[in-house]
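The structure under discussion appears below in the form of structure tokens.
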Amino acid sequence: MSCEEMYMLYHGIMLPKESHCGESLKFAEEFTFKDDDVAVAVYPKSGTIWMQEILPLVLNGGDLTPIQTIPNWDRVPWLEEKRLALVVDKLKSPRGLVTHFPYHLMPPSFHASKAKVIYVMRNPKDVLVSSYHFHKMAEFLETPATLDEFMEKFLEGKVMFGKWTDHVKGWTSTDLGDRIMHITYEEMVQDLPAALRRISDFLGRNLSEATIQKIAEHCSFKTMKTNNMSNFSLVPKMYMNSDMSPFLRKGIAGDWKNHFSPEQLARFTSVIRKEMEGEIFSLPWSMD
Ligand code: A3P
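Note that this note's numbering gives residue 358 to position 257 of the sequence shown, counting from 1, and the numbers run on in steps of one.
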């Protein structure tokens with residue numbers, strides 16, 4: 102399949118046609134957010150599926166039913182994807198949604214509502230590596246020839262959902278006040294119970310320590326890998342070929358060290374630094 106056949110352009114950003122179309126984007130634009138909705142905004146490969154596991158558990162006091170009976174894409178659907186229109190009526194309040202949209206593409210009703218949003222960020226070097234492997238296994242995305250080539254596309258924003266730096270800049274300089282919480286993938290890897298306590302406090306849930314520990318256990322990389330409702334084993338291999346790379350691949354911080362050459366590191370760092378110049382928000386990771 103050619104690149105044109107695989108992707109569509111939406112406000113200048115590339116979206117895979119497999120899961121997005123004109124109607125799904127119109128549906129997202131006209132979507133009515135409720136005040137008690139919770140959205141997770143996240144650049145691809147930064148912890149989306151992880152939050153699709155965490156959010157229902159935190160919102161429902163640790164009840165395992167949603168994560169054990171509903172596939173992640175229907176449980177906490179993507180705002181912009183085709184699937185939302187099919188499942189929206191089945192979602193129970195408080196609803197959880199995920200989105201890869203940059204901030205400026207969030208629909209008017211999101212701004213008009215009091216819906217909260219959690220923005221998840223991951224070290225861009227690991228985002229790149231995770232995305233590189235994902236592009237190899239996802240048959241609906243262009244297969245990268247080399248890491249070098251993929252890195253150039255990533256830095257230019259010629260990948261799904263555009264430039265990582267634009268995404269981060271938009272979501273770290275919103276006018277949402279206390280409706281938004283920022284968290285990093287690395288924070289979640291380092292101390293998941295602490296991250297869960299922060300999320301629970303932000304959402305006004307008063308979870309006991311026993312519930313926090315129970316959620317942490319069910320959202321660990323090891324447990325999620327065995328959850329068929331979350332590990333994409335329900336998706337036919339012609340769409341996602343887990344023989345190439347499993348979706349839940351390594352689940353660690355710092356895998357870029359096993360992939361980047363010194364030249365690639367220098368190139369990547371200099372572009373990201375330049376793009377972030379002048380921003381009030383400073384990246385929470387060392388770029389070296
Ligand atoms: P790796 O490819 O580095 O392993 P997304 O869901 O946004 O597509 O992100 C996928 C990345 O999140 C993958 O990273 C995946 O392994 C990781 N991930 C998913 N669940 C996780 C968990 N419970 N713990 C740690 N990492 C997790």
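Glycine included, every Cβ here is placed at the ideal spot set by N, Cα and C.
Everything numeric in this text was worked out from a predicted model, so none of it was measured.
- Under the 10 Å beta carbon count, M339 is surrounded by fewer than 16 other beta carbons and is classified as exposed.
- If you look at Y111, you'll find it in the beta strand (DSSP E) that goes Y108 to Y111.
- If the five residues before and after R280 are omitted, its C-beta is found closer than 8 Å to the C-beta atoms of K215, A216, K217 and V218, all from its own chain and listed in chain order.
- In the DSSP assignment, Y340 falls outside any beta strand (DSSP E) and carries neither an H nor an E.
- When DSSP states are grouped into helix, strand and coil, L198 belongs to the strand group.
- Relative to the ligand A3P, W265 has its C-beta separated by 8 Å or more from all heavy atoms.
- At a Cβ-Cβ threshold of 9 Å, I284 and R298 do not count as neighbours.
- Under DSSP, the beta-bridge partners assigned to I284 are V221.
- Here I114 is bridged, per DSSP, to Y111.
- Secondary structure of W179 (DSSP, three-state): strand.
- Distances from the alpha-carbon of K358 to those of K351, G352 and L366 put L366 closest.
- Assignment of M261 by DSSP, reduced to helix, strand and coil, places it in the strand class.
- Across the structure, L248 and E310 are spaced so that their CA atoms are roughly 43 Å apart.
- In the structure shown, the three-state DSSP call for A216 is coil.
- Residues of the same chain with a CB within less than 6 Å of the CB of L180, apart from the 5 flanking positions on each side, are A129, L198 and T200 in chain order.
- The DSSP-derived three-state label of A354 is coil.
- Counting only runs of at least 3 residues, the segment 107-174 fully encloses the following beta strand (DSSP E) elements, listed from N- to C-terminal order: 108-111, 114-117 and 139-143.
- Annotation: A239 is outside any alpha helix (DSSP H) and is labelled neither H nor E by DSSP.
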